[in-house]
Amino acid sequence: MKKMIALLLTLVLALSMLTACSSPQKNSDQDTTQSTEETPARNGGNDESAVPELESPAEGPASVSNIASVENVPLLTLNNGVQIPQLGLGTQIQRLENDASESGRKLLNDTSHDAVVAALQSGYRHFDTAHGYNNETGVGQAIIDSGVPREEIWVTSKLWPSEYGEGTTIQAIDDMLERLQLDYLDCIYLHHPAGDYLGAWKDLEEAYKQGKVRALGISNFDNWPEAFDAIIDNSEITPQILQIECHPFAQRLETRELAGQYDIQIECWYPLGHADDRLLNNDVLSKIAEAHDKSVVQIILRWHMQEGFSAVPGSTNPDHIQENIEIFDFELFDEEMEQIRDLDQGEDGRYFNLNYEQMGGFFTNR
Ligand SMILES: NC(=O)c1ccc[n+]([C@@H]2O[C@H](COP(=O)([O-])OP(=O)(O)OC[C@H]3O[C@@H](n4cnc5c(N)ncnc54)[C@H](OP(=O)(O)O)[C@@H]3O)[C@@H](O)[C@H]2O)c1
C-alpha cells in the first residue's frame, strides 16, 4: 500500500513539473506595469478578456524580454499577452533618405543613432524602424551605445515587399537582425500589402515560433481590405498590431472598428500629421493646449494615448523628443476629447493615400 501511495505521489509530482515547464513564460514585469484601464474601447485592441491565440514563445531569444513602464509610459497588452510601451519614437527621416551615397547613408544612420540615444535618455523604450528607412544599422548601434539593456526596449522593424515569400522572408529576418545587431525583434511588420504577403506571413509565423520575434504586425493593410482579410483567413497567428496613418484629421473609425473585431492593436504613424502647419496651428488644439499649459504637439499625443492607440511620433530634435514624452502628467477632459474627435475629416483628412491594387508592382520591383 505504502509503495502504491509513493508511486502515486511521484506521478503527481512529475506531472506538475511537466506542466510548469510547458506553460508560457510570463514577463517578470507583470506587477510593475501601469494600469491601462483608462484606455477606452475605441482603441481597436487591448481587450484584456480576449483569449490569446498563441502565447509569445517561452523559449528562444525573445523569452528574455523584460519591458517595464518608464517615465509613466503605459504598457498596452497585445492579443498574445505581450506588453508594448504605448508611446514610441518613429525613426524614419524622409529628408535624408534619398541620398544613397556612402556619406548620405552615414549621415542618415548617424542622425537616427543620435535621436535614439536621446530618446532612450528621455525614457523612451519603444522604437519604430524599417528596412525601407535604411537606418537599422544606426538604430541598432544606438541601443548598444546607450547602455540600456536590450531586453528593456521594444524594437520594431518592417520587411519590404521585395523580401516577401515563403522561404525568402525567413532569410530577410535574419539579415534584419544582423543589421540591427539583435538576437530578436519585438515586432516585425509587413510594411505594405503587396507581392507575396501570404508567403511572408508564413515565414513570420515560423520566426515567431523560433523566438526571433515577439509580435507580428501588418502595416498599411487598411488600404487594401482584401489583403487584410486574406491575412486573417490564412494566418495561424492573428496579427497583434496594425500600423496605419492616424491623427486628429484622419481618425480612421472604420479601420479601428475592423481591427477591434480581432483584438488587433492600432499603432499610429504620422501622429503629428508629419508636422503639417494646419494641424499644429489648429485653433481648437491651440485653445486646449493653452488651458493645460502644454504644446499642441503634447495635446495631440495625449489624445492618441487616451484613445488607446500606440503612437510613434518622429523627431531628431532632442528638445522635441523630451517634450513629446511629457504627456503623462495631465489628462484631457471628456469634452476636450470630443472637441478633438470633431476634427476628424475621415479619409479626406489623410496626408498619404495610395491605391494598393495599382501600386503593388511598384513595391515589389523597387
Ligand atoms: N508604416 C508606414 O508606412 C509609415 C509611414 C510613415 C511613417 N511611419 C513611422 O511613423 C513615424 C512618424 O512619422 P513621421 O515622423 O513621418 O511624422 P510625424 O511623427 O507625424 O511628424 C514628425 C515631424 O514632427 C516634428 N516634430 C516632432 N515633435 C515635435 C515637437 N514637439 N514640436 C514641433 N515639431 C515636432 C518633427 O520634426 P523634428 O525632427 O524637428 O522634431 C518631424 O518633422 C515615422 O518616423 C515612422 O517610424 C510609418
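Here the sequence shown is numbered in my numbering, starting from 6 and rising by one per residue. Every residue, glycine too, gets a C-beta built ideally from N, C-alpha and C.
Item, Value
"Report the three-state DSSP secondary structure of W206 (helix, strand or coil).", "helix"
"Tell me whether A105 is buried or exposed, calling it buried when 16 or more other Cβ atoms sit within 10 Å of its Cβ.", "exposed"
"Taking the straight line between their C-alpha atoms, what separation do you get for F132 and V301?", "23 Å"
"Taking the alpha-carbon of V160 as reference, which of G170, K217, E107 has the nearest alpha-carbon?", "K217"
"Return the Cβ separation of L277 and I305 in integer angstroms, given the expectation that the two are a contact with Cβ distance under 8 Å.", "6 Å"
"So H136 and K163 are supposed to be a Cβ contact under 8 Å. How far apart are they, rounded?", "6 Å"
"Which of helix, strand or coil does DSSP assign to L13?", "Unreliable placement is indicated for L13, whose pLDDT of 39 sits below 50; no coordinate value is reported for it."
"When you measure from the CB of L277 to every non-hydrogen atom of ligand 1, does any distance come out below 7 Å?", "yes"
"Comparing alpha-carbon positions, which option in E272, L182, G172 lies nearest P90?", "E272"
"Have a look at A205, S117, Y356 and flag the residue whose alpha-carbon is nearest the alpha-carbon of D281.", "Y356"
"For the alpha helix (DSSP H) that R373 lies in, which residues bound it at each end?", "Outside the shown range of the chain (6 to 371) lies residue 373, about which nothing can therefore be said."
"Please classify I149: is it buried, with 16 or more other beta-carbons within 10 angstroms of its beta-carbon, or exposed?", "exposed"
"From the DSSP output, in three-state form, read off Q248 for me.", "strand"
"Taking only the alpha-carbon atoms, compute the straight-line gap between T321 and Q97 and give it to the nearest angstrom.", "10 Å"
"Using only alpha-carbon positions, find the residue among I175, E171, R184, D191 that is nearest to I158.", "D191"
"Is the beta carbon of P318 within less than 7 Å of some heavy atom of ligand 1?", "yes"
"Is any non-hydrogen atom of ligand 1 found closer than 7 Å to the C-beta of T369, if you look at the structure I gave you?", "no"
"Determine whether the beta carbon atoms of M310 and I330 lie at a separation below 8 Å.", "no"
"Any heavy atom of ligand 1 closer than 7 Å to the beta-carbon of S224?", "yes"
"Just curious, the beta strand (DSSP E) that Q88 is in, first and last residue?", "88 to 90"
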